[in-house]
Amino acid sequence: NNALEKLPTTIGRLKKLELLNLSANNLASVEQIAFMTNLRVLDISGNVRLSQLPGQLATCDNLVDIVLDPDTIQNPPANVVAGGTYAIVKYLSTGEFHQDPSGTTNVDGALDRQKATTSTFLSSERNELRQQELARERYEKERKLLERERLAFEKDMLTESKLHEQQQMRKQMLLQQLLEQQNQNETQVHKLQQEKQTERERLIDNIIKDEQKSSDLVNNLLALKNGPDPAFLEQEREEQKRLLEHLHIQQNDLRKQEILGAMTNLLENEINIIQNFHNQRDQSSRSILEREYETNNLLNNVFLNYDKNRQDVIDQITFDEDIQKSAVAALIARNDSRTWGLVEQVRIVESQLAALTLYEIERKKCNQDDQILLDTLKIIEKQKEGEQTDFWLLQYQRLLDRQPAEVSHDTASIDPVLGYQFLVNGVVHCLPFLSKIWQNKDKELCNVNDQDLMNAGVQNPTDRQGILQSIANYYDYLNCKIDYPEGESITVTPQATAPIGESYGQDDDHRARRRSSVEMGLEVEPTAAAAAVSPTVPRVSGRAGVLDSDEAISPVSSVTAAAVTQYAECVVCMEQLVQVIFIPCGHMCCCSGCHTEINDCPMCRAYIERKIKVIQP
Numbered sequence: 001n002n003a004l005e006k007l008p009t010t011i012g013r014l015k016k017l018e019l020l021n022l023s024a025n026n027l028a029s030v031e032q033i034a035f036m037t038n039l040r041v042l043d044i045s046g047n048v049r050l051s052q053l054p055g056q057l058a059t060c061d062n063l064v065d066i067v068l069d070p071d072t073i074q075n076p077p078a079n080v081v082a083g084g085t086y087a088i089v090k091y092l093s094t095g096e097f098h099q100d101p102s103g104t105t106n107v108d109g110a111l112d113r114q115k116a117t118t119s120t121f122l123s124s125e126r127n128e129l130r131q132q133e134l135a136r137e138r139y140e141k142e143r144k145l146l147e148r149e150r151l152a153f154e155k156d157m158l159t160e161s162k163l164h165e166q167q168q169m170r171k172q173m174l175l176q177q178l179l180e181q182q183n184q185n186e187t188q189v190h191k192l193q194q195e196k197q198t199e200r201e202r203l204i205d206n207i208i209k210d211e212q213k214s215s216d217l218v219n220n221l222l223a224l225k226n227g228p229d230p231a232f233l234e235q236e237r238e239e240q241k242r243l244l245e246h247l248h249i250q251q252n253d254l255r256k257q258e259i260l261g262a263m264t265n266l267l268e269n270e271i272n273i274i275q276n277f278h279n280q281r282d283q284s285s286r287s288i289l290e291r292e293y294e295t296n297n298l299l300n301n302v303f304l305n306y307d308k309n310r311q312d313v314i315d316q317i318t319f320d321e322d323i324q325k326s327a328v329a330a331l332i333a334r335n336d337s338r339t340w341g342l343v344e345q346v347r348i349v350e351s352q353l354a355a356l357t358l359y360e361i362e363r364k365k366c367n368q369d370d371q372i373l374l375d376t377l378k379i380i381e382k383q384k385e386g387e388q389t390d391f392w393l394l395q396y397q398r399l400l401d402r403q404p405a406e407v408s409h410d411t412a413s414i415d416p417v418l419g420y421q422f423l424v425n426g427v428v429h430c431l432p433f434l435s436k437i438w439q440n441k442d443k444e445l446c447n448v449n450d451q452d453l454m455n456a457g458v459q460n461p462t463d464r465q466g467i468l469q470s471i472a473n474y475y476d477y478l479n480c481k482i483d484y485p486e487g488e489s490i491t492v493t494p495q496a497t498a499p500i501g502e503s504y505g506q507d508d509d510h511r512a513r514r515r516s517s518v519e520m521g522l523e524v525e526p527t528a529a530a531a532a533v534s535p536t537v538p539r540v541s542g543r544a545g546v547l548d549s550d551e552a553i554s555p556v557s558s559v560t561a562a563a564v565t566q567y568a569e570c571v572v573c574m575e576q577l578v579q580v581i582f583i584p585c586g587h588m589c590c591c592s593g594c595h596t597e598i599n600d601c602p603m604c605r606a607y608i609e610r611k612i613k614v615i616q617p
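Here UniProt numbering is used: the first residue of the sequence shown is 1, the next is one more, and so on.
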């Protein structure tokens, strides 16, 4: 299925090719297939343009099966093709065709023969593959057998080393036994010599005792005879002495012979024992030395190999240890840097959560303040629906009370003479507008003009003219051009104001006093927020006409301090510091003791999935 139109000329070099499949191509000739000695199966079916087979196919000696299309092949003829591969090869080589004896050709029989030949070839191929598989299995078995032999050899070597150690121990034990046996033999010889010496001394003692007895017996006989013949007695004594001497000599000779024989036998036995011991020891020593020499050679070889392998292993271990040290150092450094990074990230998260919690608390407080303010305004509007006369005047008074401390301090701390001039000219109600001018440190009071007053918020021309006239009179007083009226009292006593909780519907006299105090600009009405922040009320010095606000507390600073305190303390018990972060809302508003009984966040009412305890420094 490659759409080949022509085969290369070098295909004939494939001498070991056995199966060639050229089916379903566009070949017109296969004359390039020649002298392929191992080719056995050739498939050229499906080539429509192929009409004749070349004679070169006859050079393929082992060709047993040719698969082709009988309808498209014209040469060889159809009867030759029907005869099978053998007939085709015969026809291509000789040009002759031998007719079947029956006179007919069986196309189906030829096809069957071709199929049988192909199946035979395929079965032979399978047999070869099976043989290769068997050879591979035999190789694996031989390899495993060699591996087992190697393991057995190593085991034998180990057993041989153990046997050598046991032989060494046996040799040591044998030498020890030989030494002990030699010591025992020497001890026995020494003991035997002592026994012989003792027996000889005992024999001499017995002889002496016998002589003593014989002499005593002779003396007794002589004493009993009472006057025998002296000559006979002398002769008898001599005879007796001679007999005794002869007996004594004979006994000594016998003893000597016996002792000498015993000693000779003993010495011969000892010599034989010693000779046998020396021979056995020499033989044992010789065999031991030979085995020890062989063993030493084996041990030297083993030790040399062991030292060599040990040095290689030590070098490898040293190299691996250096690599492991560097890897461990790198891992520790990476873990330390990662740990430091995680700690820093945790600190950043803690600070951000604390900031978010503070923001949430401030936002809630602002919302509460706004709600309280709205409720208060609604209540005031309801209460003042029928009293619109002084409503905005009271609101203006509250606005003055809530102005910043530095502004109120600058407004109330004016010179009494200047305040008197403002009062005389009827512009004391414009003092709050002049706070912008007081705050400008670069602007002198003498340089204030009509435009500055308009920028400050004084829109009435009469008020601006009165303010400028008051400033001019004040500087005339400073320049001693006019005198200050000492007789007139400039002391202003602040009127007591009613609390917020009282009704605003009081009599006209009280309203008149309130309006007069507002016009003087010297009364401060405490509101709910101011009363909550500062328990003291600003007072006016009656002698100097200056507002004493040193003890007043700034509302801004009070709110900030309250927010910080609320952030630092637990919102439940208001005593302990916050130490727990709620997940997933991220609020940090409870201490370590109150969070155990809480399932919802006290601030946002969100369900708490997880709690993280923060360890603060």
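Each residue gets a CB set at the ideal place from its N, CA and C atoms; glycine is no exception.
(request) Specify, as a first and last residue, the run of the beta strand (DSSP E) that residue 581 falls within. (result) As a working mapping, residue 581 is identified with position 581 in the sequence shown. It spans 580-583 - the beta strand (DSSP E) in which residue 581 sits, taken as one unbroken run.
(message) Using only the alpha-carbon positions, how far apart do residue 197 and residue 261 sit?
(response) The residue you call residue 197 lines up with position 197 of the sequence shown. The residue you call residue 261 lines up with position 261 of the sequence shown. Answer to the nearest angstrom: the Cα atoms are 15 Å apart.
(message) I'd like to confirm the pairing. Which residues does DSSP put opposite residue 600 in its beta bridges?
(response) Translated into positions along the sequence shown, residue 600 becomes position 600. Note: residue 600 sits in a beta bridge opposite 607.
(request) On the DSSP bridge assignment, give the partners of residue 19 in chain order. (result) Taking the sequence shown and counting its residues from 1, one reaches residue 19 at position 19. Paired residue(s): 41.
(message) Using DSSP's beta-bridge definition, name the partner residues of residue 67.
(response) As a working note, residue 67 is residue 67 in the sequence shown. Paired residue(s): 43.
(request) Drop a sphere of 10 angstroms on the beta-carbon of residue 425, count the other beta-carbons inside from all chains shown, and report buried for 16 or more, exposed for fewer. (result) The residue given as residue 425 occupies position 425 in the sequence shown. Its Cβ being crowded by 16 or more others within 10 Å, residue 425 is buried.
(request) Quick one: which unbroken beta strand (DSSP E) runs of 3-plus residues sit fully inside the region 180-238? Chain order, please. (result) none
(request) Starting from the C-beta of residue 322, find all residues in its chain whose C-beta is less than 8 Å away, skip the five residues before and the five after it, and write them out in chain order. (result) Residue mapping note: residue 322 aligns to position 322 of the sequence shown, counting from 1. Nothing meets the Cβ criterion.
(message) What would DSSP say about residue 33, mapped onto helix, strand or coil?
(response) Numbered from 1 along the sequence shown, position 33 holds the residue referred to as residue 33. Three-state DSSP puts residue 33 in coil, outside helix and strand.
(request) Name the two residues that bound the continuous alpha helix (DSSP H) containing residue 464. (result) Here residue 464 refers to the residue found at position 464 of the sequence shown. 461-478 is the span of the alpha helix (DSSP H), which, as asked, contains residue 464.
(request) State the beta-bridge partners of residue 590 as determined by DSSP. (result) Position 590 of the sequence shown, counting from 1, holds the residue named residue 590. DSSP output for residue 590 lists 580 as bridge partner(s).
(request) For residue 295, count neighbouring C-beta atoms within 10 Å of its own C-beta (all shown protein chains included) and say buried if the count is 16 or more, exposed if not. (result) If you number the sequence shown from 1, residue 295 lands on position 295. Buried: at least 16 other Cβ atoms inside 10 Å.
(request) Measure the C-alpha to C-alpha separation of residue 42 and residue 10 and round it to an integer number of angstroms. (result) Start at 1 with the first residue of the sequence shown, and residue 42 comes out as number 42. Start at 1 with the first residue of the sequence shown, and residue 10 comes out as number 10. Distance between the alpha carbons of residue 42 and residue 10 is about 17 Å.
(message) Taking the alpha carbon of residue 469 as the reference point, which residue from 381, 448 and 456 has its own alpha carbon closest?
(response) Here residue 469 corresponds to residue number 469 of the sequence shown, with the count starting at 1. Per the Cα distances, 448.
(request) Measure the alpha-carbon distance for residue 94 versus residue 55 and round it to whole angstroms. (result) Numbered from 1 along the sequence shown, position 94 holds the residue referred to as residue 94. Numbered from 1 along the sequence shown, position 55 holds the residue referred to as residue 55. Looking at the two C-alpha atoms, the distance is approximately 9 Å.
(message) Going by the DSSP bridge assignment, what does residue 613 pair with across the sheet?
(response) Taking the first residue of the sequence shown as position 1, residue 613 is located at position 613. Answer is 580, bridged to residue 613.
(request) Please name the residue in 353, 129 and 341 whose C-alpha comes closest to that of residue 584. (result) Against the sequence shown, residue 584 aligns to sequence position 584. It is 353 whose Cα lies nearest to the Cα of residue 584.
(request) Could you check what DSSP says for residue 451 in three-state terms: helix, strand or coil? (result) Locating residue 451 in the sequence shown gives position 451, where the first residue counts as 1. Three-state result, residue 451: helix.
(message) Could you compute how far the alpha carbon of residue 451 sits from the alpha carbon of residue 430?
(response) Along the sequence shown, one-based indexing puts residue 451 at 451. Along the sequence shown, one-based indexing puts residue 430 at 430. Their backbone Cα atoms lie some 15 Å apart in a straight line.
(request) State the Cα-Cα distance for the pair residue 276 and residue 165, rounded to the nearest angstrom. (result) Residue 276 sits at position 276 when you count from the first residue of the sequence shown. Residue 165 sits at position 165 when you count from the first residue of the sequence shown. Going by the C-alpha atoms only, they are around 28 Å apart.
(message) Bridge partners for residue 569 per DSSP, in chain order?
(response) Here residue 569 refers to the residue found at position 569 when the sequence shown is read from its first residue. Note: residue 569 sits in a beta bridge opposite 577.
(message) If you reduce the DSSP assignment to three classes, tell me which class residue 74 lands in.
(response) Position 74 of the sequence shown, counting from 1, holds the residue named residue 74. Note: residue 74 maps to coil in three-state DSSP.
(request) Mind checking who residue 371 pairs with in its DSSP beta bridge? (result) Position 371 of the sequence shown holds residue 371. Residue 371 is not bridged to any residue.
(message) Could you check whether residue 360 and residue 587 sit closer than 8 Å to each other, using their CB atoms as the reference points?
(response) Stepping through the sequence shown from its first residue, residue 587 is reached at position 587. Stepping through the sequence shown from its first residue, residue 360 is reached at position 360. Yes, the Cβ-Cβ distance between residue 587 and residue 360 is below 8 Å.
(message) If the criterion is Cβ atoms closer than 8 Å, does the pair residue 88 and residue 134 meet it?
(response) The sequence position of residue 88 within the sequence shown is 88, counting from 1. The sequence position of residue 134 within the sequence shown is 134, counting from 1. Their beta carbons are not under 8 Å apart, which means residue 88 does not touch residue 134 by this criterion.
(message) Can you list, in chain order, the residues of its chain with a C-beta nearer than 8 Å to that of residue 40? Leave out the 5 residues immediately preceding and following it.
(response) In the sequence shown, residue 40 corresponds to position 40, counting from 1. Cβ neighbours of residue 40 beyond the five flanking positions: 18, 19, 62, 63, 64, 65 and 121.
(message) Going by the DSSP bridge assignment, what does residue 695 pair with across the sheet?
(response) Residue 695 lies beyond the range of the chain shown here (1 to 617); nothing can be said about it.
(message) For a test of the three-state rule: what should DSSP assign to residue 419, helix, strand or coil?
(response) Working through the sequence shown from its first residue, we reach residue 419 at position 419. In the structure shown, residue 419 sits in a helix (DSSP, three-state: H, G or I).
(message) Among 593, 311, 596 and 581, whose alpha-carbon lies nearest the alpha-carbon of residue 612?
(response) By one-based count along the sequence shown, residue 612 stands at place 612. Among 593, 311, 596 and 581, the Cα nearest to that of residue 612 belongs to 581.
(request) Kindly confirm or deny that the region 197-212 and the region 170-183 touch, where touching means at least three C-beta pairs closer than 8 Å. (result) no
(message) Which residue marks the beginning of the alpha helix (DSSP H) containing residue 88, and which one marks its end?
(response) One-based indexing of the sequence shown puts residue 88 at position 88. It spans 85-94 - the alpha helix (DSSP H) in which residue 88 sits, taken as one unbroken run.
(message) Using only the alpha-carbon positions, how far apart do residue 439 and residue 445 sit?
(response) The sequence position of residue 439 within the sequence shown is 439, counting from 1. The sequence position of residue 445 within the sequence shown is 445, counting from 1. Their Cα atoms are separated by approximately 11 Å.
(message) Rounded to whole angstroms, what is the Cα-Cα separation between residue 330 and residue 336?
(response) Position 330 of the sequence shown holds residue 330. Position 336 of the sequence shown holds residue 336. So the alpha carbons of these two residues sit roughly 10 Å apart.
(request) Report back the beta-carbon spacing between residue 44 and residue 67 to the nearest angstrom; my notes put them in contact at under 8 Å. (result) Residue mapping note: residue 44 aligns to position 44 of the sequence shown, counting from 1. Residue mapping note: residue 67 aligns to position 67 of the sequence shown, counting from 1. Confirmed, Cβ separation roughly 7 Å.
(request) Mind checking which residues open and close the alpha helix (DSSP H) that includes residue 436? (result) The residue you call residue 436 lines up with position 436 of the sequence shown. Counting along the chain, the alpha helix (DSSP H) containing residue 436 begins and ends at 435-439.
(message) On the CB-based measure, 16 or more other CB atoms within 10 Å of its CB, does residue 574 come out buried or exposed?
(response) In the sequence shown, the residue the question calls residue 574 occupies position 574. Exposed, since its Cβ has fewer than 16 Cβ neighbours within 10 Å.
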